Amino acid sequence: MVAPTAKKLFSVTLRIWRQAGPQQPGKFVDYPAANVSPDMSFLELLDVVNDGLTKDDGEPIAFAHDCREGICGTCSCTINGKPHGPGKGIATCQLYMRSFADGDTIVVEPFRARAFPLVKDLVTDRSAFDQVQQAGGFISVRTGAAPDANSIPVPKEDADLAMDAAACIGCGACVAACKNASAMLFVAAKVSHLGLMPQGQPERDKRVLAMVQMMDAAGFGNCTNQYECSAVCPKTITHDFIARMNRDYAVALFREKFKPASNASGGAG
Ligand code: SF4
Ligand code: FES
Numbered sequence: 011m012v013a014p015t016a017k018k019l020f021s022v023t024l025r026i027w028r029q030a031g032p033q034q035p036g037k038f039v040d041y042p043a044a045n046v047s048p049d050m051s052f053l054e055l056l057d058v059v060n061d062g063l064t065k066d067d068g069e070p071i072a073f074a075h076d077c078r079e080g081i082c083g084t085c086s087c088t089i090n091g092k093p094h095g096p097g098k099g100i101a102t103c104q105l106y107m108r109s110f111a112d113g114d115t116i117v118v119e120p121f122r123a124r125a126f127p128l129v130k131d132l133v134t135d136r137s138a139f140d141q142v143q144q145a146g147g148f149i150s151v152r153t154g155a156a157p158d159a160n161s162i163p164v165p166k167e168d169a170d171l172a173m174d175a176a177a178c179i180g181c182g183a184c185v186a187a188c189k190n191a192s193a194m195l196f197v198a199a200k201v202s203h204l205g206l207m208p209q210g211q212p213e214r215d216k217r218v219l220a221m222v223q224m225m226d227a228a229g230f231g232n233c234t235n236q237y238e239c240s241a242v243c244p245k246t247i248t249h250d251f252i253a254r255m256n257r258d259y260a261v262a263l264f265r266e267k268f269k270p271a272s273n274a275s276g277g278a279g
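So the sequence shown is numbered by my numbering: it starts at 11 and just counts up by one.
Right, here's the structure in full:
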């Protein structure tokens with residue numbers, strides 16, 4: 011039997027954005043980290059650094075996290091200039107130290123976008139996404155006797171696309187990666203996953219108009235087809251959804267403009 015070889019530990023320097031609050035000045039501070047295992051997650055390394063800071067009566071680095079499984083979308087920060095770091099199709103919590111080399115300096119900063127104001131260190135306020143979601147990211151159904159799940163046929167292609175769009179975890183990486191801080195990929199995913207399903211049809215026009223309007227009001231920029239958003243999306247949501255939303259938006263706008271006076275509620279066919 012061959013004994014397992016010990017994992018080679020290494021050292022890195024974390025260069026982290028520290029800012030006590032939204033009105034305070036911020037700056038990068040270096041934190042050397044030794045004995046880093048390649049099997050450590052990036053967030054575990056931040057935990058270790060924070061343990062050391064706490065023991066020395068220092069202020070721990072504020073960073074957001076919850077599930078640590080790529081589900082909740084809270085672990086948002088930019089690592090070496092890329093939202094969620096060097097991996098593809100992963101959130102920050104799924105990034106492992108084996109992605110880095112001995113002696114690396116790893117630059118970590120919060121998502122930077124006007125609509126995501128800084129709270130502290132690496133934590134930003136992304137409630138603008140909640141506002142967009144609340145503007146139309148729901149369906150209204152009658153409560154009571156629920157129909158059998160299989161009684162409404164859905165074409166396989168639509169079901170697959172809806173599932174792809176529903177994978178969005180609302181992390182905000184698409185906004186942070188975009189030079190315009192556009193939220194089009196997020197909004198397109200939310201609009202599409204409901205708009206592709208039969209249950210989403212009654213409010214389809216109203217939904218896309220309200221969500222796009224709220225997106226603009228929340229201070230997100232416009233899309234200029236750079237596609238940085240889909241390149242960093244941890245759920246690899248394609249920018250094709252943006253084109254789909256633009257079509258939906260144009261149709262809804264047209265119907266809104268030319269709807270008969272008596273038909274006040276809109277709706278898509
Ligand atoms: S579209 Fe992708 S990058 Fe944007 S919020 Fe959703 S999961 Fe995050
Ligand atoms: S902590 Fe939940 S997605 Fe990263």
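Note that CB positions come from ideal geometry on N, CA and C, so glycine has one too.
Values in this document were obtained by computation on a predicted structure and should not be read as measured data.
Around the CB of residue 234, fewer than 16 other CB atoms lie within 10 Å, so the residue is classed as exposed. If you look at residue 130, you'll find it in the beta strand (DSSP E) that goes 128-130. Distances from the CB of residue 191 to the heavy atoms of ligand 1 are all 8 Å or more. Within its own chain, the residues whose Cβ lies closer than 8 Å to the Cβ of residue 91, once the five positions on either side in sequence are excluded, are 117, listed in chain order.
Under the criterion of beta carbons closer than 8 Å, residue 71 and residue 56 qualify as touching, at roughly 6 Å. Minimum Cα-Cα distance from residue 242 among the listed residues 211, 173, 99, 178 corresponds to 99. The three-state reading of DSSP puts residue 174 in helix, counting H, G and I together. The beta carbons of residue 255 and residue 173 sit no closer together than 9 Å. Contact between residue 211 and residue 151 is absent: CB atoms are separated by about 12 Å, not below the 8 Å threshold.
Residues of the same chain with a CB within less than 7 Å of the CB of residue 232, apart from the 5 flanking positions on each side, are 190, 192 in chain order. Annotation: residue 111 is outside any beta strand (DSSP E) and is labelled neither H nor E by DSSP.
Listed as beta-bridge partners of residue 231 by DSSP are 192. If you ignore the 5 residues before and after residue 185, its C-beta comes within less than 6 Å of the C-beta of 123, 191, 193, all in its own chain and listed in chain order. Rounded to the nearest angstrom, the gap between the Cα atoms of residue 230 and residue 17 is 44 Å.
Looking at the backbone, the Cα of residue 79 and that of residue 248 are separated by about 21 Å. By the Cβ neighbour-count rule, residue 175 is buried, with 16 or more other Cβ atoms within 10 Å of its own.
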